[in-house]
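Asker:
Protein chains in written order, with my numbering: chain A, 1 to 670; chain B, 1001 to 1679.
#1: Under 9 Å, do residue 1274(B) and residue 1301(B) count as touching if we go by C-beta distance?
#2: For the 8 Å Cβ check, are there 3 or more pairs between the region 347-364 of chain A and the region 390-399 of chain A?
#3: How many angstroms separate the CA atom of residue 1393(B) from the CA atom of residue 1216(B)?
#4: Residue 1394(B) bridges to which residues according to DSSP?
#5: Kindly list the residues whose CB is nearer than 7 Å to the CB of residue 303(A), restricted to its own chain and excluding five residues on each side of it in sequence; keep chain order.
#6: What do you reckon, is the C-beta of residue 556(A) under 8 Å from a heavy atom of the ligand FAD?
#7: Which residues share a DSSP beta bridge with residue 1518(B)?
#8: Under 9 Å, Cβ to Cβ, is there at least one residue of chain A near residue 1486(B)?
#9: Taking 9 Å as the CB-CB limit, is residue 24(A) close to chain B?
#10: In terms of residues, what are the limits of the beta strand (DSSP E) holding residue 264(A)?
#11: Applying the 10 Å Cβ sphere with the 16-neighbour rule, what's the burial state of residue 546(A)?
#12: Of the choices 1063(B), 1074(B), 1239(B), 1047(B), whose alpha-carbon is the least far from that of residue 1098(B)?
#13: How close, in whole Å, do the beta carbons of residue 1063(B) and residue 1046(B) come, if the pair is a contact with beta carbons under 8 Å?
#14: From this set, 228(A), 551(A), 491(A), which residue's C-alpha is nearest residue 1478(B)'s C-alpha?
#15: Between residue 664(A) and chain B, is there a C-beta pair that is closer than 9 Å?
#16: Given that residue 651(A) touches chain B, what residues does it touch there, using C-beta distances under 7 Å?
#17: Compile a chain-ordered list of the residues in the region 1564-1587 of chain B whose CB is closer than 7 Å to at least one CB of chain A.
#18: Return the CA-CA distance between residue 1082(B) and residue 1101(B), expressed in angstroms with no decimal places.
#19: May I ask which residues mark the beginning and end of the beta strand (DSSP E) holding residue 544(A)?
#20: Which residues in chain B sit within 8 Å of residue 656(A), going by Cβ to Cβ distance?
#21: Does residue 1050(B) pass the burial test, meaning 16 or more other C-beta atoms within 10 Å, or should it be called exposed?
#22: Would you say residue 1451(B) faces chain A, with C-beta separation under 9 Å as the test?
#23: Relative to the C-alpha of residue 1060(B), which candidate in 1034(B), 1022(B), 1092(B) has its C-alpha closest?
#24: From residue 1012(B) to residue 1024(B), what does the alpha carbon distance come to, in whole angstroms?
#25: Would you list the residues sitting across from residue 124(A) in a DSSP beta bridge?
#26: Residue 1141(B) versus chain A: which residues are under 7 Å apart at the beta carbon?
#27: Cβ of residue 1482(B) less than 9 Å from any chain A Cβ?
#28: Compute the beta-carbon to beta-carbon distance between residue 108(A) and residue 207(A), rounded to the nearest angstrom, for a pair I have assumed lies under 8 Å.
#29: At a Cβ threshold of 9 Å, is residue 136(A) touching chain B?
#30: Between the Cα of residue 245(A) and those of 554(A), 237(A), 541(A), spot the shortest distance and give me the residue it belongs to.
#31: Is the region 80-97 of chain A in contact with the region 181-191 of chain A, if contact means three or more CB pairs nearer than 8 Å?
#32: Can you give the beta carbon distance from residue 517(A) to residue 525(A), rounded, assuming they're within the 8 Å contact cut?
#33: Please tell me whether residue 403(A) and residue 313(A) are closer than 9 Å, where the distance is taken between their beta carbons.
#34: Could you give the distance in angstroms between the alpha-carbon of residue 1574(B) and the alpha-carbon of residue 612(A)?
#35: Do you know how far the Cα of residue 307(A) is from the Cα of residue 1157(B)?
#36: From the DSSP output, in three-state form, read off residue 1262(B) for me.
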């Protein structure tokens, strides 16, 4: 580890901000002598600039015209296609990675993951930056994160695309392109998806942790995951030493859905609270959205149409299935088949049932009966819900319409959802219902225009809204709040809504991609342990009521960033005045040093004491600031003031020492 | 002297009725609350009156911890909490919390409904008791109160079994409960980190056994079952619903699949079916392999094993039946046993320990004529086999765990005294760790010496660490500071800071000594001599000659003066503070000795250059530093009272202002003038 002196540096706490996406964060915290990456989010909105990857050859998509510049120059027509006035890159979709140049990522000691959505960039970091540390995450986060990655890799790999477009990324060319391609940021860093091999290697670096587990890092720092209430196994993290505390809040929810409730109390007394992952749709009420989802679904199916729900294979889908479980019978829809299509559909449904310990109380107590915590077990048992790895195979035999299909990917750029968009898009009987908040539904739909099918937007984002944030901050009272810049101003589309931003005192410090923040810490203390032998030898004296002091002289030992005070070794052989030997070098220097003095000397009592000790012929004179005591016979003068005493005498050591001791009787030692 | 005290109320040199009281740093914790299968009277429950004769147990216990769901570890819990009375927290893992009430209810039914006991705990009491339970996750640090924390580790004995670390400050105890150090077909191995507790309380059921490989035992078991069904016999395996039942089911299931056998396997209705369901829902508590493959195939969904119906027992032909309870003392297993016992083709396999008095114990000890209720005598012709499938650590495993945790001492419970004795010796000899084995009601007291955590001010620590990095400061150094104790808040700060925080002014104690010398030279010249002399003699020290003519050695000031009309006498004024006393007093004697001093005596080690206390005097006093010197800033102690100075005429006139003022001495009242020296 770096020099221990870093340990003491008061201004060394820094936050390196590697992602510009507020709900897919990636920050690096340098805290004491450790380098900690907080989350590893992958910004997938970049894929919206690409053409969808169809599972089945799509004549429509393959016949889209190439795009040419205004002057008719068509050298980009192989890479860029035009659809209903929008331009798309015809290539394997690419993702926007966290910043990799701002800090040497091989120096990262640990990565803390807060939920499965915030670990999607992990293989890029652990496999390609020289990273040698450990990743910490809860078991559900890892298992479901693995499913999300598996699904992503599967979606991309099963539609091999030879073409990889790069010409358009040239800065000079990008300038000429229409929006939003023109404004796309960091296109040079966009990367293709990782492979399953990289995923497995990345996941093998993860160490599983439980809520409220204290994990020691190099003896200097302790990190602890806390339940964040947002998803199965989702956590906030406490990063602390004995005298400093950083809380990292990422993707938290105060709503009662399926996960264990958020642990707020443990966030108290933070010096700094880093706040990320708030709701992306602050104006939508999740409950209302679920209601709308159900009624639109029922309406469509009753009219003989199909419902398509683009979704992730885990998370809100569990809640939607639970709602439908309660709803379909009462709505007379029990005969409508529900299909869940994903390469990981089965795993996701199975895993959801075994993480009872990470679920809310209601679901937990079901396991005690013992019953599966989620009712989708019953939907499967009664054949109301069927799951398939893909549209190929069994599904095509079982497929009955009208039906409800849950499938990915919510970006509508890859996965089985592309097929259903092509299949159902032409009929106005069908409906696509957007529930995932990560992608703008208008942008997602752009390459499918013109579209006859109905589109319903009911985004369900259970993460904290600004009212809940302000409540939370009042409750836990951090000294400072740090957040992405997006949270310090109202959303661009609702610039008058001053309530849609973080309001706290002192104002939140904000960050943007590629920025480094110095976090405000007033570190004044460090933990040190006093050995019992030394503690026994200390002599406390009460200075004021309730306050005692003891002077300490001890040997300091520092090892593994931990400090220990041991009793000083016994003084070497008492040496007689003249033949002193130089104390040998390996014996520590343990001369008992003279303490500081405090107090004042009451002259009258001092004179009495002098008299008692045989001094006579004492004369006291007043001065402006005190007194002078004259011992005429000894030709000695003692000047006494409020906070100083000066003994002026002949070179008579005996006398001097006698006087010294008498003076010391009136003073306190420190 | 702080100490840890341990008193077993049960499981002290015994198996059964586990209940251990631990006092650590003023906190009282009860570990397990079990019943004894061998007793039907008062002795079946721990004697809680040991804790208190009158008054609520809640006042005497900070918490109760249950290690796993076996009744000898939790069977007395409703009695303890509802009938004796305890309202504090009871900690256990989630699976234990789920399964424990079911076993308690089962136990209650047998005791009350079958044996007709009165004054036993009721179903409602079990429910009320379970309301006091707080579920813990593995490795979660649970803060019982501000000081007491507990943490669960995986124990692998049964589903949800845990070891617990109990910690207060730097003192800690680990209680293993029952554990297994080798992974089996459905559970993983116990694991603990190097947590270095003061005391490890471990079970010692198999203290003297080193078990042969599990594979052999399994092969043996399968062979016996297979042979029996091949010759058309029936196999009865009495089990407890949870634990070994699942292990053996998995074993038979995979064997049946591999060998493509068609002989039916049943498990008795009731608990076991439900039990398998628990295993399915608590997959994260099983072993690596099951966790990895459960999506493809849940190992607890058995293809070959079907639910048993009472009527099946009379079916002709071979079959294998798992039936509860495990010791053949009641219920379905006993019923089936009675039906099949007369046929020598049949076999009963006892896969676990049987308590004295049970039918299981009797047939295992060779008894072949059993007296049943109604004076009926049952002749046992079927084969009786015993195979240990208990998931306890053997001697090797226990030693391994002690090695993992690295405790200061070990305490044995849950075992037989004789076997414990053997293991105790082994631990003391091989691991050099002291080992105890108290009987029930006997207290072991272990003194501890916890270190005391305090906050050290960064300034003070940094000053030390900077010194630590200097090349010449390899040897350990002394740190000086003041410990401020306010309530329970301890802070170590520099003495200066302590004074400042308490609003106290420093009191400076200064000495000025007059050294009289015979010398006729001028003051300046004399100072120069003093300077060159000290410079040559005190090579380790910083000696400086200042522009105003005075000489400094580190922080000691020396000034030459002509005190009186006598031109042959000069006086050296040597001035230092109390903190520099050693050097100051040394210098005066050095100066007095004058030229006789060719070789200077070695100085006391220059500890005053230590920054710990005396940072004010560190380093050379350049003019710059002098100006900002603490006493450079304040006027000369002698300046202000100049006009008032009464001794001016009488004796004071000889004193030169030591620092900057121009007050010149006129006359010294000196005597005993030593030789002039510096020539």
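Think of the CB as a built atom: it goes at the ideal place given N, C-alpha and C, for glycine as much as any other residue.
As the structure is a computational prediction, the values presented were derived from the model and not from experiment.
Answerer: A quick look at the data gives this:
#1: no
#2: no
#3: 17 Å
#4: 1206(B)
#5: 429
#6: Only the bare structure without any ligand can be found here, which leaves the ligand FAD out of the picture.
#7: 1569(B)
#8: yes
#9: no
#10: Segment: none, residue 264(A) is in no beta strand (DSSP E) and carries neither H nor E.
#11: exposed
#12: 1074(B)
#13: That belief does not hold up - the Cβ atoms of residue 1063(B) and residue 1046(B) are roughly 16 Å apart, past 8 Å.
#14: 551(A)
#15: yes
#16: 1513, 1514, 1515, 1588, 1592
#17: 1578, 1579, 1581, 1585
#18: 14 Å
#19: 541-544
#20: 1511, 1513, 1585
#21: exposed
#22: yes
#23: 1022(B)
#24: 19 Å
#25: Answer is none; residue 124(A) lacks a bridge partner.
#26: 212, 213, 214
#27: yes
#28: Incorrect: roughly 15 Å between the Cβ atoms, too far for contact.
#29: no
#30: 237(A)
#31: yes
#32: Not really, about 23 Å apart at Cβ, beyond 8 Å.
#33: no
#34: 29 Å
#35: 49 Å
#36: coil
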